[in-house]
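Trainee:
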Amino acid sequence: MVIQHNMTSINAKCQLGINTENKKKSTERLSGGYRINRAADDAAGLAVSEKMRWSVRGLHQASRNIEDGTSLVQVADGGMEEIHAILQRQRELAVQAGNDTNTVADRNAIQQEVNALSVEITRIANDTTFNGKHILNCSGNLSHGPVNADTAVTNLLGVPGSRSDGVLQGFMATNAAGNIQSQLLFGGYSAGTSFLEAKVSVGGDNYTLRTKTPLPTNCVVTNDTTSIADRVKTTFTYQDDTGNAVFSIVRTVEKIANPTGNTGEVYKMSYALENHTTQPMTGSIEVSLDVKFTGNDNPSFLMDNDVNETIITNAIQYPDNAGHMPGVMNLFSTDNPYLNVQAIVNGCGATTPDYVKIGQYNNIAGNDWRANMTISDSAYDVGWNNINVGAGGISGAYTTMYGVSDPLLNPVLAGSHSVPVELNIQASDRAHTAITIPLVNCTAEKLGVDALNVMSFNDAGATLDKIDKAIDKVSEYRSDMGAIYNRLEKAKNNVNNIEENVQSAESRIRDADMAEEMVKYAKDNILEQVGQSMLAQSGKINEGVLQLLQ
1 MVIQHNMTSI NAKCQLGINT ENKKKSTERL SGGYRINRAA DDAAGLAVSE
51 KMRWSVRGLH QASRNIEDGT SLVQVADGGM EEIHAILQRQ RELAVQAGND
101 TNTVADRNAI QQEVNALSVE ITRIANDTTF NGKHILNCSG NLSHGPVNAD
151 TAVTNLLGVP GSRSDGVLQG FMATNAAGNI QSQLLFGGYS AGTSFLEAKV
201 SVGGDNYTLR TKTPLPTNCV VTNDTTSIAD RVKTTFTYQD DTGNAVFSIV
251 RTVEKIANPT GNTGEVYKMS YALENHTTQP MTGSIEVSLD VKFTGNDNPS
301 FLMDNDVNET IITNAIQYPD NAGHMPGVMN LFSTDNPYLN VQAIVNGCGA
351 TTPDYVKIGQ YNNIAGNDWR ANMTISDSAY DVGWNNINVG AGGISGAYTT
401 MYGVSDPLLN PVLAGSHSVP VELNIQASDR AHTAITIPLV NCTAEKLGVD
451 ALNVMSFNDA GATLDKIDKA IDKVSEYRSD MGAIYNRLEK AKNNVNNIEE
501 NVQSAESRIR DADMAEEMVK YAKDNILEQV GQSMLAQSGK INEGVLQLLQ
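Last residue of the sequence shown: 550 (the numbering used here), numbering continuous.
#1: Would you mind reading off the limits of the alpha helix (DSSP H) that contains MET80?
#2: When you compare only the Cα positions, how much space is there between HIS417 and CYS138?
#3: If you follow the beta strand (DSSP E) that GLN279 is part of, which residue opens it and which one closes it?
#4: Grouping DSSP H, G and I as helix and E and B as strand, with all else coil, what is VAL119?
#5: Looking only at DSSP bridge pairs, what is GLY283 linked to?
#6: Nearest to GLY261 by CA position, among GLN342, ASN206, LYS233 and THR235, is which residue?
#7: Terminal residues of the continuous alpha helix (DSSP H) containing LEU30?
#8: Suppose you measure from the CA of GLY396 to the CA of VAL328; what does that come to, to the nearest Å?
#9: Where VAL440 and HIS134 are concerned, what is the direct C-alpha to C-alpha distance, given to the nearest angstrom?
#10: Select from GLY132, ARG91 and GLY79 the residue whose C-alpha is nearest the C-alpha of ILE124.
#11: Shortest alpha-carbon distance to LEU331 belongs to which of CYS348, SER378, THR352 and ASP320?
#12: Please work out which residues of its chain come closer than 7 Å, Cβ to Cβ, to GLU113, disregarding the five sequence neighbours upstream and downstream, and give them in chain order.
#13: In the DSSP assignment, find the unbroken alpha helix (DSSP H) run with LEU535 in it and report its ends.
#14: Taking the continuous beta strand (DSSP E) assigned at LEU423, which residues delimit it?
#15: Assuming the contact rule is C-beta atoms closer than 8 Å, MET518 and ALA76 should be a hit. Round their C-beta distance to whole Å, please.
#16: DSSP has GLU265 in a bridge; who is on the other side?
#17: Using C-beta distances below 7 Å, list every residue in its chain close to THR242, excluding the 5 sequence neighbours before and after it, in chain order.
#18: With DSSP run on the structure shown, which of helix, strand or coil describes MET455?
#19: Taking ASN275 and VAL266 to be in contact with their CB atoms under 8 Å, please state how far apart those CB atoms are, rounded to whole angstroms.
#20: Taking ALA434 as part of the beta strand (DSSP E), name the residues at either end of that continuous run.
#21: Beta carbon of THR282, beta carbon of ASN155: below 8 Å?
#22: Our contact map puts TYR238 next to LEU196 with C-beta atoms below 8 Å; I'd like the distance itself, whole angstroms only.
#23: Ignoring anything shorter than 3 residues or poking outside the region 210-257, list the beta strand (DSSP E) runs there in chain order.
#24: So, at 8 Å on beta carbons, what are the nonlocal neighbours of PRO216 in its own chain, with the 5 sequence-adjacent residues on each side left out?
#25: Do ARG510 and TYR34 have their C-beta atoms closer together than 8 Å?
#26: Counting along the chain, where does the alpha helix (DSSP H) carrying LEU447 start and finish?
#27: Indicate whether THR399 and ALA350 have their beta-carbon atoms separated by less than 8 Å.
#28: Under a three-way DSSP split, which group does ILE316 fall into?
#29: Which stretch, first to last residue, makes up the beta strand (DSSP E) that contains THR555?
#30: Does DSSP put MET325 in a helix, a strand or coil?
#31: Considering only the beta carbon of each residue, do ALA470 and VAL454 sit closer than 8 Å?
#32: Looking only at its own chain, which residues have a Cβ that is under 7 Å from the Cβ of ALA39, when we skip the five neighbours before and after it?
#33: Would DSSP call ILE394 helix, strand or coil?
#34: Ignore the nearest five residues each way along the sequence and tell me which others in ASN388's own chain have a CB closer than 6 Å to its CB.
#35: LEU488 and VAL56: beta carbons closer than 8 Å?
#36: Please report the distance separating the alpha-carbon of SER143 from that of ASN218.
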C-alpha cells in the first residue's frame, strides 16, 4: 500500500474529465444544432461544408437574378404588346385609307392618327425601361450626355526638366454626372506621333526641330504658366552647335468653349515661328496629334458631319482631289457611336492649314507618311507651309483645336452598330454561365413606320406592306422573348432544385443528429455523475493505512 500517489483517485479524475468534456461537446451540439462547430470537430467535413455553403448562397442569388431577368422579359413583352396593338390599328387605318370613297379631308384625318400612333410607338420604345436600362431601344443604353474636358491647362504639360518637358499630355473628359467617360489623348510621352516639327531655311542653311520625346539636346524648353490665367505658353528654342539660338516654336494652349456651336470645351493650340537671326527666314510648322479613346486606339473619322461619306479607314490627305479641306473632324469610338471628340482644323477660329493628313501611328509625320495605309492606330497631322519671318521677328499665330462637344450620334455607325445589344443574366453560382437576353429596337424608325403615307390608294398600299413587315418583326421579337421567358423559368427551377439538394447534402455533413446526441448526452451525464461518486470513494482507499499504524 502506498500513500504518495493515489492512482485510483487519479484514474477516476481522468475519466471524470473525459466524460465532462464529452458532455460539454454534446451540450454544444444540442444547443447549436451543428455537429461541426469548429475545424477540430471534423476538418475534412468542414472544408466540404464550406464549399457547399458558398454554392448554396450563390445559387440562391442566381435564382433571384433569374427572377430579375424574368421581370425584364415581362416588361419588354408588355411594351411590345402595346406596339403590336398600335401597328394593328395603323394597319386598320391604312386599309380604310385605301378606299377611294374617302375625301382628302377624310384621308387627312386618317393620316393624322397614323402619324400620332408612330410617335407613340417611339415613345413606348424609349420609355420602356427596367432598372434604368432601355430594353426596347437598345441604342438608348449607349453612354452619352454633356461632356467637358476637365483637365486644367497647366496639368497638360509634361514634367518640367524631364524627357517629356513641354509635351502635351492626354486629358480626361467627364459627363454631367461627373463620371469619367473617355480618356482623350492628344499628346504625351507614350504618344509617338504627338509632337511639333518645324523646318526653316535661313542664310542658306536648313534646320529641323522635332519635339518628339526625348527632346533633342539642342532644344531648350521654357514654360510660362503664370502670365495669363488658364493659358500655357511653351517655347521650344533651337540652338546651333555653338549654342546660339536660331529659331523658336512658340506654342500657346488655352481651354475655350467649343466654337462650333456645340456645348463642350476644346483646347485651342496656337503656334508661331520666331526668328533669332539677323536674316529673313522661311519655314513650315507641322503638328502631329495622336487620337485615342479609353480602350480604343483606333477611332473612326467623319469629316464635317458628312453622312454620305464613308468612315475613313485608310490613310488620306487633304485637300483631296476636289480641293476640299475639312473644317471639323468628328472622331467616334467604334464601341460607342456617339460623338465624343472634335478636331477643328479649319474655320471657327482655326487657321486654314496647307494640308491635313490622317494616317497610321509612327508612319504619319513628315516624309514617313504614305497614302492608302490601313489605319491601325489613328493619328493626324495639320501643317502650314511658306511661313516668312523677318530678321528678329515672329510670325503670326497658326491655330488648331481639339476637344469635346455634344455627344451627337454618328449617323453612319448608328445604322449598323448598337451597344449593348444584349444583357447577360448570371444564372448560376459559377463564373461565365449566363443566359443572354437580346435587346431590340422597336422605335418607329427601326420598324420602318416612322414616315407612313396614306393619302392615296397607292400610298396606302405601300404603307400596308411596311406595317405588315413591322408586325412580323415585332412578332419575331416577342417570340424570342417568349422563348427566353420559358428558358428562364426552367433555369430557375433547375437552380432551385440544385440549391435544395446541395443544402440537403450540406445539412447531412454539418448538422447534428439530435436523437444521437441526446443518447450521447444521457450516457455522458450518467458517467459524469458516476465519475464524481467514484472520485469521492477513491479518496478513502488510503485510509486503510491508518489501521496498520494502530
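Built from N, CA and C at the ideal position, the CB exists for glycine as well. The model shown is predicted, which means the values in this text are computed figures rather than measured ones.
Mentor: Looking at the coordinates:
#1: Taking the first residue of the sequence shown as position 1, residue 80 is located at position 80. That run of the alpha helix (DSSP H) goes 43-97.
#2: One-based indexing of the sequence shown puts residue 417 at position 417. One-based indexing of the sequence shown puts residue 138 at position 138. Any reading at HIS417 must be qualified, since the residue scores a pLDDT of 40, below 50, and its modelled position is unreliable; the value itself is stated next. Using only the alpha carbons, I get a separation of about 10 Å.
#3: Translated into the one-based positions of the sequence shown, residue 279 becomes position 279. No beta strand (DSSP E) holds GLN279; DSSP gives it neither H nor E.
#4: In the sequence shown, the residue the question calls residue 119 occupies position 119. Annotated three-state conformation of VAL119 is helix, per DSSP.
#5: The residue labelled residue 283 in the question sits at position 283 within the sequence shown. GLY283 is bridged to VAL200 and ILE387.
#6: Numbered from 1 along the sequence shown, position 261 holds the residue referred to as residue 261. For the residues GLN342, ASN206, LYS233 and THR235, the minimum Cα distance to GLY261 belongs to GLN342.
#7: Here residue 30 is taken as the residue at index 30 of the sequence shown, counted from 1. Unbroken alpha helix (DSSP H) run through LEU30: 7-32.
#8: Start at 1 with the first residue of the sequence shown, and residue 396 comes out as number 396. Start at 1 with the first residue of the sequence shown, and residue 328 comes out as number 328. About 22 Å.
#9: As a position in the sequence shown, residue 440 is number 440, starting the count at 1. As a position in the sequence shown, residue 134 is number 134, starting the count at 1. If you take the alpha carbons of VAL440 and HIS134, they lie about 9 Å apart.
#10: One-based indexing of the sequence shown puts residue 124 at position 124. The residue with the shortest Cα to Cα distance from ILE124 is GLY79.
#11: Here the question's residue 331 lines up with position 331 in the sequence shown. It is SER378 whose Cα lies nearest to the Cα of LEU331.
#12: Position 113 of the sequence shown, counting from 1, holds the residue named residue 113. The answer, listed in chain order, is LEU93.
#13: For the purposes of this step, residue 535 is identified with residue 535 of the sequence shown, where counting begins at 1. If you look at LEU535, you'll find it in the alpha helix (DSSP H) that goes 514-538.
#14: Here residue 423 refers to the residue found at position 423 of the sequence shown. Unbroken beta strand (DSSP E) run through LEU423: 422-426.
#15: In the sequence shown, the residue the question calls residue 518 occupies position 518. In the sequence shown, the residue the question calls residue 76 occupies position 76. Actually they are not in contact, since the Cβ atoms of MET518 and ALA76 sit about 56 Å apart, beyond 8 Å.
#16: Position 265 of the sequence shown, counting from 1, holds the residue named residue 265. When DSSP reads this structure, GLU265 sits in a beta bridge with ALA257.
#17: Numbered from 1 along the sequence shown, position 242 holds the residue referred to as residue 242. Cβ neighbours of THR242 within its own chain (closer than 7 Å, five residues either side excluded): none.
#18: Residue numbering aside, residue 455 sits at position 455 when the sequence shown is read from its first letter. In the structure shown, MET455 falls within a coil segment according to DSSP collapsed to helix, strand and coil.
#19: Here residue 275 is taken as the residue at index 275 of the sequence shown, counted from 1. Here residue 266 is taken as the residue at index 266 of the sequence shown, counted from 1. Contact check for ASN275 and VAL266: beta-carbon distance about 30 Å, past the 8 Å limit, so the pair fails to qualify.
#20: As a first step, residue 434 is located in the sequence shown; it is residue number 434 there, counting from the start. For ALA434, the enclosing beta strand (DSSP E) starts and ends at 434-438.
#21: Taking the sequence shown and counting its residues from 1, the one referred to as residue 282 is at position 282. Taking the sequence shown and counting its residues from 1, the one referred to as residue 155 is at position 155. No, the pair does not count as a contact, with Cβ atoms beyond the cut-off.
#22: What you label residue 238 is simply residue 238 of the sequence shown in a count that begins at 1. What you label residue 196 is simply residue 196 of the sequence shown in a count that begins at 1. Wrong, their Cβ atoms sit about 11 Å apart, outside the cutoff.
#23: Taking only runs of at least 3 residues, the beta strand (DSSP E) segments lying wholly in the region 210-257 are 219-224, 231-239 and 245-257.
#24: One-based indexing of the sequence shown puts residue 216 at position 216. Here the set comprises LEU209 and ARG210.
#25: For the purposes of this step, residue 510 is identified with residue 510 of the sequence shown, where counting begins at 1. For the purposes of this step, residue 34 is identified with residue 34 of the sequence shown, where counting begins at 1. Yes, these two residues count as a Cβ contact at 8 Å.
#26: Within the sequence shown, numbered from 1, the residue matching residue 447 stands at position 447. 444-447 is the extent of the alpha helix (DSSP H) around LEU447.
#27: The residue you call residue 399 lines up with position 399 of the sequence shown. The residue you call residue 350 lines up with position 350 of the sequence shown. A distance below 8 Å separates the beta carbons of THR399 and ALA350.
#28: Indexing the sequence shown from 1 puts residue 316 at position 316. ILE316 carries a strand assignment under DSSP once its states are collapsed to helix, strand and coil.
#29: The structure shown has nothing for residue 555, since the chain only spans 1 to 550.
#30: By one-based count along the sequence shown, residue 325 stands at place 325. MET325 falls in the coil class under three-state DSSP.
#31: By one-based count along the sequence shown, residue 470 stands at place 470. By one-based count along the sequence shown, residue 454 stands at place 454. At least 8 Å separates the beta-carbon of ALA470 from that of VAL454.
#32: For the purposes of this step, residue 39 is identified with residue 39 of the sequence shown, where counting begins at 1. Cβ within range, chain order: LEU46.
#33: As a first step, residue 394 must be located in the sequence shown, where it is residue number 394. In the structure shown, ILE394 falls within a strand segment according to DSSP collapsed to helix, strand and coil.
#34: Translated into the one-based positions of the sequence shown, residue 388 becomes position 388. Excluding sequence neighbours, ASN388 sits near THR282.
#35: What you label residue 488 is simply residue 488 of the sequence shown in a count that begins at 1. What you label residue 56 is simply residue 56 of the sequence shown in a count that begins at 1. In terms of Cβ geometry, LEU488 and VAL56 do not form a close pair [threshold 8 Å].
#36: Mapped onto the sequence shown, residue 143 falls at position 143. Mapped onto the sequence shown, residue 218 falls at position 218. Annotation note: pLDDT 49 at SER143 (below 50); position unreliable, coordinate value reported separately. C-alpha separation (whole angstroms): 46 Å.
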